[in-house]
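If you're matching positions, the sequence shown starts at 1 in our numbering and goes up one per residue.
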Amino acid sequence: IPNEVTEAMLADYFGQFGHVTKVQVKIDKETGKSRHFGFVTFASAAEAAGVVRNYGEQREHRILGRLLQVRRDRKPGVFD
């Protein structure tokens, strides 16, 4: 994600797909700058799966004109 993207911007964008319960933009502890990735948590696995499914069907997710890579959580049990 671009440096300018805030957690509020991610919540606003992904809110169109379902109820967002948590957003994190990962920040480098030494520089205080964005690490260019983050996490968005939805209220249900179905909502999150819909975002990933739409991305897989060639629907692009973009913020500030930049294409976002959208992936599901890799933890066991998620999306089961």
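Idealized CB from N, CA, C, for every residue including glycine.
Computed from a predicted structure; not experimentally measured.
query                                                                                                : result
Counted within 10 angstroms of its Cβ, other Cβ atoms place Asp80 as buried (16 or more) or exposed  : Any reading at Asp80 needs caution, since the residue's pLDDT is 47, under 50, leaving its predicted position unreliable; the model's value is listed next. Exposed, by the Cβ-count rule.
Alpha helix (DSSP H) segment containing Phe14, residue limits                                        : 7-14
Closest Cα partner of Ala43 within the set Asn3, Ile1, Gln16, Met9                                   : Gln16
Same chain only: Cβ atoms within 6 Å of Ala48, ignoring 5 sequence neighbours per side               : Phe42
Contained alpha helix (DSSP H) runs [length at least 4] in the stretch 15-51, N- to C-terminal order : none
7 Å Cβ shell around Glu60 - same chain, five flanking residues per side excluded                     : Leu67
Cβ shell of Val51 (< 7 Å), same chain only, five flanking positions each side left out               : Phe14, Phe17, Val70
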